[in-house]
Structure formats: C-alpha cells, structure tokens
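A.B. asks: Protein chains in written order, with our numbering: chain A, 2 to 322; chain B, 26 to 278.
Got a structure for you, questions after.
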C-alpha cells in the first residue's frame, strides 16, 4: 500500500489535533507514516499509532529547535527521497506552509496549500478542495508533477481512530549549512489557559469593536467558557489593544472553521469574513441590523451584546441545572 | 510587489481556473505596502540604502510599481512576458529570483502574503532559490551591521530571530502602518526609472514557466452557494433566551 508521510505538529511530544485529522485523511490515500521532529517521540507514538500511523520517523537533533523551517525541510526531503511516498501532508501554518513549499521545490513536486478536504481521485492520487477569494469560492485541484505536497487546514475532518502499533525509526538527517537559515535566539512561550486552541476549536466566540474595551472581554470569555469555546477577536479589537493579537480571526490572523462561530459586536468586514465564513454554523449579535455579518448568520440577534450575552449565559446555566 | 484584483471587490475565476483579472480593478496588494514601509524606514535610519521595487505581471502591473515609488524609493523593475501567464508559485519565484540576482541585493523584503492567492510561500521559495536565509512573518524588524533581527509571533510563542544578510524577509500587517504617497511623491515617482525585462533578459527558458510548467491544476472553481438566510430577531428583552434555545436545539449548549 502506498506510504503517505504526515508531518507531526506537537508541543513537547503532545500531538496536536490537526495531525490526527491529517492521519485520518492520509488513510484515504494509503498507509500513513508520521514524521516527528524534536524530542518526545516516545510519548507521541501511542497517539500516532492509535490514529493509524504504521511508522514514526524520528528526527531528534538540536538544529530542530535552533533554526527556523530549514531542519524540517531537510528532514522531509531526505525521508521522502528514500521512502518515495505517494503524498506528503502537513498541517497548514506559516512555518509548515514554507516547509511544504521548499520541500516541493527540492523534490520538483507540486504544492497545494490550505486544503479543506482531500479525497482519492480515480487514479488514487489526491484531489484537494480549497476555499478562495475570502471563502466565496470552492476550488478542487490536483498536483500534476512529482510527489504531491499538501498542507491542510485545521478542522478539515473529524479525527477517527484506526489503531495500529507504530514502529519507531530513528533518522539521521544531514542538515544544510546553518548560514542558510535564520537562527532563533529567544523563545518566549505564550501563557496558555485551559481554553481550546483557536484554530482547532469546535466552538469560537469572538468579540469586536462593539465589545468596547479590554475589560469587557471578560464577558466574551464568560460566554466562551460556558460553551467550552476558544476566544477570538476582530482586527479592530486587537488593534485597540483589547485582546492579544494571537487571537485575531481574519485573513491575516487565524483562519477558523469551527462547528459554531459566535460573533459579538463584529460588523463583518471582508477581512474578518475571510477568516470565519467556512464555519458550519454562524451566530451573530450586533446592534446594527445592517451589519454584513448578518448576511452569513444562521441566527442573528439585533441587540446590545451587554444585554444579550449575560442573558444567554444565565439561560444556558438555567437549562443545565 | 504584486498587482492583484481588489480584495474588497467581487472576485471570480475564468473558465480555465485562473483568477479573472478583467472583471475587477487591480491594485498594489495591500500587504505589500507594509514591505514598502519597512524598506523606507530602513533607508531613513541609515545612509547608503537603495530601494528597488520588483513586480512580475502584465502591462498594468506597472501601476503597482508607481504606487510604491510614490511612497518613496529609487527605481523599479517590471518583468513582463506573455509566456509567464498562468505561472504557479514555482514559475513566479523562478522569475523573481532571476530578476533579483540580475540586479543584486542585500535584503529582499516581501509582504506576508498576496491578498489574492494568500499562499504566503513565495518569500520562502525565493530564499531557497537564492540560497539565503528566510526570516518571515516579522512583526518588528531592524537592520544593522549586516544583520537583520526581528520578532515573529507563532501560535504558542513570541520568537526573536536573527540572520546575516543577504536574506529574504517578509513582514506582516502589524509591522507598522504604511504611509500615504504625498503629492510630491506622486510627481517624483513619474520620473523614477522603471526597467522592463522579459524572460530572455533573465536567461529563463519559457518552458520553465507559465501554465504548461505549473505543477498543479484546478479541476473546478465554483462560487460557494450563498448561505441560506438565517433567522434574524430583534432583541425585545429576551434575545439571549432565544439564542440559548437556538444553541440548545443545535446541541451546542
């Protein structure tokens, strides 16, 4: 069966959900093998095997943490060069898209980024679906040359287990000259709460200009916590300093595609819509009945978010008790 | 610089799956203005800096160069050749790298992505082709003593990075507001030199670029069906209760 390489996205050995989605998609094309960079592969192997990774290629070298992008390029190119996989899948992100592009260039392969679905075409080769032009269009495409290299957005599919025993295989990668790479000289981890990650959350609750102040984001957080959601913010709210940039939803921020997107006090400028309109269900609360966000909303409330949201939380609490 | 269809207009595809450039006005990709701004700030912070803008595209792509030149800078290169039409990121980066090498460079500054394709991989491909480091998605950067340092924000960390020059850098829309061209700048831009080059000038075989060399192909491009108009209610004092009922019915609460 054709081997499919999947680059593992992990935090110190804890495999992130988009990787499990990739393993699930990879099984439509062949037999997935995981490529794991950095320390922690032993801890990750169980999870990777549970989602169908027959092999885990492990590259644990100091270069992985010290240099930007290029160690992953060297690793994937060399592993692909000797295993000749039928496709290489990576989670979509700024670094991984660059990794994918460079790998494709070195392998003389084609590249598709930000796929939202992959299926096997008639010849078994991958056919992708993407969103284009601020998610107003759907595009299906395929790669015409070399080993298809594809990056996939979070929430493209639900992870489905398919347990196997993953076999670990250590790889010694020859890294290119460090002079051809940017060096990381300081790394400050972001403080992380208990909320789910924005890009991969099933529910996102976002606040915009209408939230009107950093202190008022506590209300957005309260709604998020009631629903078990991640917190997002519009560009306007982020630029005003009300919420950290890492939570910006939009074309130049995080692009989300959750089961439910709740927009509060967000008018819905095109850049914001580009980042959220593939959400399955959209709910909006806004004072302005003409706000463009209502064109997308499955359920809209024209009203003051400071009235509507506290009542929403109370009502959910009441229904639960 | 990339000349792209206006991102706020209703963009669409042609029958062959490429961007329809005829149906809406094009302009300088907004995200490239941040790269122009950073180039101008570097020039203003020290002596001996020459800024040359580069674009690949049909005739009207020169408008993007004029916009950048009106903001500031010295000269521009326009690579135009009908054989380039339909190029993917590999063809485009080959042409860009050829023009960059021909001109010579210490620093290649790019926007984080174009507002049409939004792949954001051309800077990395340029670095790969030019054999120099890539420092991408910077929210802050400084150039001094042959080194570029910057800050980039990932999902989990704030990371400071450093690279020797020459290098390729891309900047985000948070790197600093781009200036507006002044009237004086617009007038001055008309006199700044814009060199036009073709594939032959870059020694690139037409077979390496364009639609025939593209490594991926679009099968279908269709407009997403408009979302079914949902329920819109005015808050009469029970808006939150109604919303809770909707979310419960959908099993979100």
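Yeah, the Cβ is synthetic: ideal placement off N, Cα and C, and Gly gets one too.
How would you call residue 242(A), buried or exposed, if buried means at least 16 neighbouring beta carbons within 10 angstroms?
C.D. replies: Per the 10 Å Cβ criterion, exposed.
A.B. asks: So residue 275(B) contacts chain A; which residues on that side make the cut at Cβ distance below 7 Å?
C.D. replies: Per Cβ cutoff of 7 Å: 282.
A.B. asks: Return no unless some Cβ of chain B is closer than 9 Å to the Cβ of residue 272(A).
C.D. replies: So, interface residue.
A.B. asks: Would you list, in chain order, the members of the segment 145–165 of chain A that have their beta-carbon closer than 8 Å to a beta-carbon of chain B?
C.D. replies: Result list: 145, 146 and 147.
A.B. asks: Does the segment 136–150 of chain B come into contact with the segment 81–98 of chain A, if we say contact requires no fewer than three beta-carbon pairs (one atom in each stretch) closer than 8 Å?
C.D. replies: In short, these stretches touch, since the Cβ pair count reaches three.
A.B. asks: For the putative contact between residue 229(B) and residue 120(B), defined by C-beta atoms under 8 Å, what is the C-beta separation to the nearest angstrom?
C.D. replies: Correct: roughly 6 Å between the Cβ atoms.
A.B. asks: Going by the CB atoms, is the gap between residue 206(B) and residue 96(B) shorter than 9 Å?
C.D. replies: Cβ atoms of residue 96(B) and residue 206(B): closer than 9 Å.
A.B. asks: Are the Cβ atoms of residue 26(A) and residue 114(A) separated by less than 9 Å?
C.D. replies: No.
A.B. asks: What are the start and end residues of the beta strand (DSSP E) that includes residue 80(B)?
C.D. replies: First-last of the beta strand (DSSP E) with residue 80(B): 77–81.
A.B. asks: Where does residue 30(B) sit, in a helix, a strand or coil, going by DSSP?
C.D. replies: Three-state DSSP puts residue 30(B) in a strand.
A.B. asks: Distance check for residue 223(B) and residue 40(B), CA to CA, integer angstroms please.
C.D. replies: Those two C-alpha atoms are separated by around 27 Å.
A.B. asks: Strictly by DSSP, which residues pair up with residue 142(A)?
C.D. replies: According to DSSP, residue 142(A) bridges with 129(A) and 243(B).
A.B. asks: Could you please tell me which residues of the segment 186–200 of chain B, in chain order, have their CB closer than 8 Å to any CB of chain A?
C.D. replies: Residues passing the 8 Å Cβ filter: 186, 187, 188, 189, 192, 197, 198 and 199.
A.B. asks: Using 10 angstroms around the beta-carbon of residue 218(B), count the other beta-carbons present and answer buried if the total reaches 16, otherwise exposed.
C.D. replies: Per the 10 Å Cβ criterion, exposed.
A.B. asks: Along chain A, which residues have their Cβ under 7 Å away from the Cβ of residue 266(B)?
C.D. replies: The contacting residues are 312 and 316.
A.B. asks: If we count the other Cβ atoms within 10 Å of its Cβ and call it buried at 16 or more, is residue 177(B) buried or exposed?
C.D. replies: Flag for residue 177(B) reads buried.
A.B. asks: Residues of the segment 132–146 of chain B with a CB closer than 8 Å to any CB of chain A: list them in chain order, please.
C.D. replies: The segment 132–146 of chain B vs chain A, Cβ under 8 Å: 137, 138, 140, 141, 143, 144, 145 and 146.
A.B. asks: Just the Cα atoms here: how many angstroms apart are residue 113(B) and residue 145(A)?
C.D. replies: The straight-line gap from Cα to Cα measures roughly 12 Å.
A.B. asks: Taking the straight line between their C-alpha atoms, what separation do you get for residue 246(B) and residue 43(B)?
C.D. replies: Distance between the alpha carbons of residue 246(B) and residue 43(B): 9 Å.
A.B. asks: Give a yes or no on whether the C-beta atoms belonging to residue 136(A) and residue 279(A) are separated by under 9 Å.
C.D. replies: Yes, the Cβ-Cβ distance between residue 136(A) and residue 279(A) is below 9 Å.
A.B. asks: Exposed or buried, residue 299(A), counting other C-beta atoms within 10 Å across all chains shown (16 or more means buried)?
C.D. replies: Flag for residue 299(A) reads buried.
A.B. asks: Which residue from 163(A), 210(A), 231(A) and 188(A) puts its Cα closest to that of residue 194(A)?
C.D. replies: The shortest C-alpha separation from residue 194(A) is found at 231(A).
A.B. asks: Can you tell me which residues form a DSSP beta bridge with residue 12(A)?
C.D. replies: Answer is 15(A), bridged to residue 12(A).
A.B. asks: Using the rule of at least 16 other Cβ atoms within 10 Å of the residue's Cβ for burial, across every protein chain shown, is residue 186(A) buried or exposed?
C.D. replies: Classification for residue 186(A): exposed.
A.B. asks: Just to confirm, is the Cβ distance from residue 31(B) to residue 51(B) under 9 Å?
C.D. replies: Taking 9 Å as the Cβ cut-off, residue 31(B) and residue 51(B) qualify as a contacting pair.
A.B. asks: Under the three-state reduction of DSSP, which class applies to residue 270(A): helix, strand or coil?
C.D. replies: Looking at residue 270(A) - three-state DSSP - the assignment turns out to be coil, as it is neither helix nor strand.
A.B. asks: Just to confirm, is the Cβ distance from residue 5(A) to residue 30(A) under 9 Å?
C.D. replies: Yes, they are a contact pair.
A.B. asks: Among the residues of its own chain, which have a CB less than 8 Å from the CB of residue 111(A), if the five just before and after it don't count?
C.D. replies: The answer, listed in chain order, is 105, 144, 145, 146, 147, 149 and 150.
A.B. asks: Go through the segment 78–124 of chain B residue by residue and report every complete run of the beta strand (DSSP E) that reaches 3 residues or more, in order.
C.D. replies: Taking only runs of at least 3 residues, the beta strand (DSSP E) segments lying wholly in the segment 78–124 of chain B are 100–104.
A.B. asks: Kindly indicate if chain B contains any beta-carbon less than 9 Å away from that of residue 301(A).
C.D. replies: Yes, because at least one Cβ of chain B sits closer than 9 Å to the Cβ of residue 301(A).
A.B. asks: If we define contact as Cβ-Cβ less than 9 Å, is residue 223(A) a contact residue for chain B?
C.D. replies: It does not; no Cβ of chain B falls within 9 Å.
A.B. asks: According to DSSP, which residues form a beta bridge with residue 258(A)?
C.D. replies: Answer by DSSP bridge pairing: none, since residue 258(A) is not bridged.
A.B. asks: Using the three-state DSSP reduction, which class does residue 82(A) fall into: helix, strand or coil?
C.D. replies: Here residue 82(A) sits in helix by DSSP.
A.B. asks: For chain B, check one thing: does any of its Cβ atoms lie closer than 9 Å to the Cβ of residue 56(A)?
C.D. replies: Cβ-Cβ to chain B under 9 Å: no for residue 56(A).
A.B. asks: Whose C-beta lies closer than 8 Å to the C-beta of residue 57(B) among residues of the same chain, with five residues either side of it excluded?
C.D. replies: If we look at residue 57(B) and ignore the five residues flanking it on each side, its Cβ neighbours are 26, 27, 89, 93, 135, 136 and 139.
A.B. asks: Among the residues of its own chain, which have a CB less than 8 Å from the CB of residue 240(B), if the five just before and after it don't count?
C.D. replies: So the list reads 113 and 115, once near-sequence residues are dropped.
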